[in-house]
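Quick note: the sequence shown uses full-length UniProt numbering, first residue 1, plus one each step.
Quick reminder that beta carbons are idealized off the backbone N, C-alpha and C, glycines included.
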Amino acid sequence: MTTETSITPGGPAAAPDRQDLTHRPDLATTTGRVAPVRSRRPVYLDMLPPCNAGCPAGENIQEWLRLIKAHDEERAWRQLTADNPFPAIHGRVCYHPCEVACNRADLDGAVSIHSVERYLGDVAIEKGWTFKKPEARSGHRVLVIGAGPAGLSAAYHLAMMGHDVEIHDGGDAAGGMMRYGIPEYRLPREVLDAEIGRLADIGVKTVLNHNVTDLAEEKAAGRFDAVFVAIGAHLSKRVDIPNQDASRMVDAVSFLHQVGSGEKPIIGRRVAVYGGGNTAMDAARVAKRLGAEESIVVYRRTADQMPAHSEEREEAEREGVQMNWLRTITDVGDDLTVEVMELDEDGKPHGTGRFEKLEADTVILALGQEADTGFLHKLPGMRFKNDVVDVNPSTLMTDIPGVFAGGDTVPSERTVTVGTGHGKRAARQIDRWLRRDESYPAPKDTVVGFNDLNLWYFGDHMRRHQPELDPTQRVNFDEVVGGLDETQAHFEAGRCLSCGNCFECDGCFGSCPEDAIIKLGPGHRYEYDYNKCTGCATCFDQCPVHAIQMVPEGTPIESIPGAGNPTPGWAVRPEPSPAHYDGAARAAAEQSAASGNTIPQN
Numbered sequence: 001m002t003t004e005t006s007i008t009p010g011g012p013a014a015a016p017d018r019q020d021l022t023h024r025p026d027l028a029t030t031t032g033r034v035a036p037v038r039s040r041r042p043v044y045l046d047m048l049p050p051c052n053a054g055c056p057a058g059e060n061i062q063e064w065l066r067l068i069k070a071h072d073e074e075r076a077w078r079q080l081t082a083d084n085p086f087p088a089i090h091g092r093v094c095y096h097p098c099e100v101a102c103n104r105a106d107l108d109g110a111v112s113i114h115s116v117e118r119y120l121g122d123v124a125i126e127k128g129w130t131f132k133k134p135e136a137r138s139g140h141r142v143l144v145i146g147a148g149p150a151g152l153s154a155a156y157h158l159a160m161m162g163h164d165v166e167i168h169d170g171g172d173a174a175g176g177m178m179r180y181g182i183p184e185y186r187l188p189r190e191v192l193d194a195e196i197g198r199l200a201d202i203g204v205k206t207v208l209n210h211n212v213t214d215l216a217e218e219k220a221a222g223r224f225d226a227v228f229v230a231i232g233a234h235l236s237k238r239v240d241i242p243n244q245d246a247s248r249m250v251d252a253v254s255f256l257h258q259v260g261s262g263e264k265p266i267i268g269r270r271v272a273v274y275g276g277g278n279t280a281m282d283a284a285r286v287a288k289r290l291g292a293e294e295s296i297v298v299y300r301r302t303a304d305q306m307p308a309h310s311e312e313r314e315e316a317e318r319e320g321v322q323m324n325w326l327r328t329i330t331d332v333g334d335d336l337t338v339e340v341m342e343l344d345e346d347g348k349p350h351g352t353g354r355f356e357k358l359e360a361d362t363v364i365l366a367l368g369q370e371a372d373t374g375f376l377h378k379l380p381g382m383r384f385k386n387d388v389v390d391v392n393p394s395t396l397m398t399d400i401p402g403v404f405a406g407g408d409t410v411p412s413e414r415t416v417t418v419g420t421g422h423g424k425r426a427a428r429q430i431d432r433w434l435r436r437d438e439s440y441p442a443p444k445d446t447v448v449g450f451n452d453l454n455l456w457y458f459g460d461h462m463r464r465h466q467p468e469l470d471p472t473q474r475v476n477f478d479e480v481v482g483g484l485d486e487t488q489a490h491f492e493a494g495r496c497l498s499c500g501n502c503f504e505c506d507g508c509f510g511s512c513p514e515d516a517i518i519k520l521g522p523g524h525r526y527e528y529d530y531n532k533c534t535g536c537a538t539c540f541d542q543c544p545v546h547a548i549q550m551v552p553e554g555t556p557i558e559s560i561p562g563a564g565n566p567t568p569g570w571a572v573r574p575e576p577s578p579a580h581y582d583g584a585a586r587a588a589a590e591q592s593a594a595s596g597n598t599i600p601q602n
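Here you go:
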């Protein structure tokens, strides 16, 4: 604040007759001049929204939500599928960590991102939208082992980069655990088939009923330049429980596979499911649909310690599945013998020596799963960690050059979305390896938090919820959760706060006292006229989404994270370039292979 006073010669200073209340945090004056000197200047930023940062598949969520809000649904779908080719699938089965990260959760409820994604995926299926096969070809061949989410995702991205891709899978249909591990009431098979079927349109070849037993031989026979191993966790972990009738015991993976294949196993009136993960919840809910009067989950810990997602457990309980906490099965005779457990001071369960009897016609074991990596043990140099393949976490490449791995094959959370993200990451790394490209653009890492936003701009708009079947009607495999209609989906997309990215609200343009902001037209945002800008920070103070930052005068624009980047959100997929695959590049690859930088051919 500057105060001016009137001075009477020879007398005391008079009372102040004027005050300048202009906010000047970024202004300074120098002796001998009246005009202010700008010490900081505003710059427009494109920050990383928390939803994008929280998405395991690396989707540019904020951008495709914006396009849906603008009623440009096909562009929104193409924006989304640039990162994830299966929106209708993920909109149904993803556990949406993006919504946990959503800043709007602290305002009036997170944006229902998964339901809008499902809507967009379903619209694409209804309207028959397909992927466009790139004309430029790389001349490289890549083998993908496994047709689950990681393998299918990698195949899609590699094909879109111009590579020839072939998938080898031991199943009789593509989809992996999406087909044989997720019940149809969560993921209808017509949706699964529609989205997987698009891969054939871009040239992906799938070889089914083909188990790979010798990777080196497979690679050589197909003249593949690189391999991505993405086998699913189709094997149930073994457990040693004394039993008198092994026919009453079945592992959850085999049980769900039978049902997913159209079979209806006989399970009796009472079913006990031993385990506490998502697979256990699915098995218990399926048992009810197959006619079990009682479906009981036996778990050795408490509800809070259960690895299953809370929504899965809650849905199971709504459908009548009983939960038997702090119990462990010790013997399977005419009845089950279960020991009562207690938690110690560290929260770990311990036996109490007290036992109970539990009636059960069938016992379904759901104590974890693992991938069948036996054929990989034949490869010299392949390293393993806790029965999964040890890879470079940045590149997903094993110690054998040109052999990459992801999904359930490597240490990670075993979900569809994590697998899909691994497939995309692996595809980009395989593409770089084939091009001998050592560079890689650094991802954005400056995430906009709730406290960075100016919430006065946003009103209350409550979240729209998807319809669900009443629990009393869930007696078959009809889909339980319904979708949003067009009006609801557009409304929900409009709830996005556009965290960290300008959405052209004109707030800065209208508030600038120096008329220093230039509008560039719809979709092109604004730029500053620094000849007029005084650095008063009015634009910064009012920006609702923290898309403006004040930086010290003279700061190089390239050193400011997010500045000068016209593309909001996540990195875009690199376009295939034939120049990257010229004769010299192929000769270098062949020379590298000849020098031993490949799978040993024993």
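By Cβ distance, which residues of its chain are closer than 6 angstroms to residue i, with the 5 residues on each side in sequence left out?
i: Asn204; result: Asn is not the amino acid found at residue 204; the sequence shown has Val there. Here the set comprises Ala155, Ala159, Val165.
i: Asp431; result: Met161
i: Asp408; result: Gly232, Ala233, Ala371, Arg414
i: Ala284; result: Val273, Ser295, Val297, Ala316, Val321
i: Pro42; result: Cys539, Phe540, Ile548, Met550
i: Arg270; result: Glu294, Glu359, Ala360, Asp361
i: His140; result: His163, Asp225, Leu434
i: His157; result: Lys424, Ala427
Taking the alpha-carbon positions, what's the residue i to residue j distance?
i: Ser439; j: Asp304; result: 44 angstroms
i: Thr5; j: Cys512; result: With a pLDDT of 43 at Thr5, under the threshold of 50, the predicted position of this residue should be treated as unreliable, though the coordinate-derived value follows. So the alpha carbons of these two residues sit roughly 29 angstroms apart.
i: Asp193; j: Ser138; result: 28 angstroms
i: Gly197; j: Glu190; result: 10 angstroms
i: Arg425; j: Leu396; result: 8 angstroms
i: Ser254; j: Val111; result: 37 angstroms
i: Glu339; j: His257; result: 30 angstroms
i: residue 670; j: Val93; result: Here the chain comprises residues numbered 1 to 602, so residue 670 is not present and cannot be evaluated.
i: Glu312; j: Gly276; result: 11 angstroms
i: Glu135; j: Ser247; result: 55 angstroms
i: Asp390; j: Leu208; result: 27 angstroms
i: residue 644; j: Trp64; result: In the structure as shown, the chain begins at 1 and stops at 602. Residue 644 is therefore absent and cannot be evaluated.
i: Leu290; j: Val259; result: 9 angstroms
i: Gly494; j: Lys519; result: 23 angstroms
i: Val480; j: Asp334; result: 35 angstroms
i: Thr373; j: Ala230; result: 10 angstroms
i: Ile202; j: Gly222; result: 19 angstroms
i: Asn243; j: Lys264; result: 24 angstroms
i: Leu152; j: Ile167; result: 8 angstroms
i: Gly381; j: Leu215; result: 13 angstroms
i: Met1; j: Asn451; result: Legend: pLDDT at Met1 = 43, less than 50; position of this residue unreliable, value from coordinates given subsequently. Rounded to whole angstroms, Met1 to Asn451 spans 27 angstroms at the Cα level.
Report all residues from its chain with a CB closer than 7 angstroms to the CB of residue i; omit the five preceding and five following residues, and keep chain order.
i: Glu370; result: Ala233, Leu235, Lys237, Asp387
i: Glu319; result: Arg285, Lys288, Pro471, Arg474
i: Arg40; result: Asp26, Gly535, Met550, Val551, Pro552, Glu553
i: Gly421; result: Pro56, Ala57, Gly58
i: Asn84; result: Ala57, Glu59, His90, Thr420
Tell me whether residue i is buried or exposed, calling it buried when 16 or more other Cβ atoms sit within 10 Å of its Cβ.
i: Asp172; result: exposed
i: Pro49; result: buried
i: Pro544; result: buried
i: Gly148; result: buried
i: Met462; result: exposed
i: Tyr457; result: exposed
i: Pro522; result: exposed
i: Lys133; result: exposed
i: Glu486; result: exposed
i: Asn211; result: exposed
i: Ala405; result: buried
i: Thr213; result: exposed
i: Asp122; result: buried
i: Ala292; result: buried
i: Lys69; result: buried
To the nearest whole angstrom, what separates the beta carbons of residue i and residue j, a pair I think is in contact under 8 angstroms?
i: Leu45; j: Gly562; result: 4 angstroms
i: Ala101; j: Gly54; result: 3 angstroms
i: Cys499; j: Leu453; result: 7 angstroms
i: Asp478; j: Tyr185; result: 6 angstroms
i: Ile517; j: Tyr526; result: 5 angstroms
i: Gly109; j: Gly146; result: About 37 angstroms separates the two Cβ atoms, so there is no contact after all.
i: Val239; j: Ile364; result: Not really, about 12 angstroms apart at Cβ, beyond 8 angstroms.
With a threshold of 8 angstroms on Cβ separation, who are the neighbours of residue i within its own chain once the five nearest residues in sequence on each side are excluded?
i: Pro349; result: Arg300, Arg301, Leu326, Thr328, Met341, Glu342, Leu343
i: Pro574; result: Note that Pro574 has pLDDT 35, beneath the 50 cutoff, so the model's placement of it is unreliable and the number below is only indicative. Closer than 8 angstroms at Cβ, skipping near neighbours: Met161, Arg428, Asp431.
i: Ala587; result: For Ala587, the predicted model reports a pLDDT of 47, less than 50, meaning its position is unreliable; a value from the coordinates is still stated below. Hits under 8 angstroms: none found.
4 or more residues per run - each alpha helix (DSSP H) lying fully within the stretch 410-480
416-435
What ranges does the alpha helix (DSSP H) occupy inside the stretch 37-98, keeping only unbroken runs of at least 4 residues that lie completely in it?
50-54, 61-69, 73-81, 87-93
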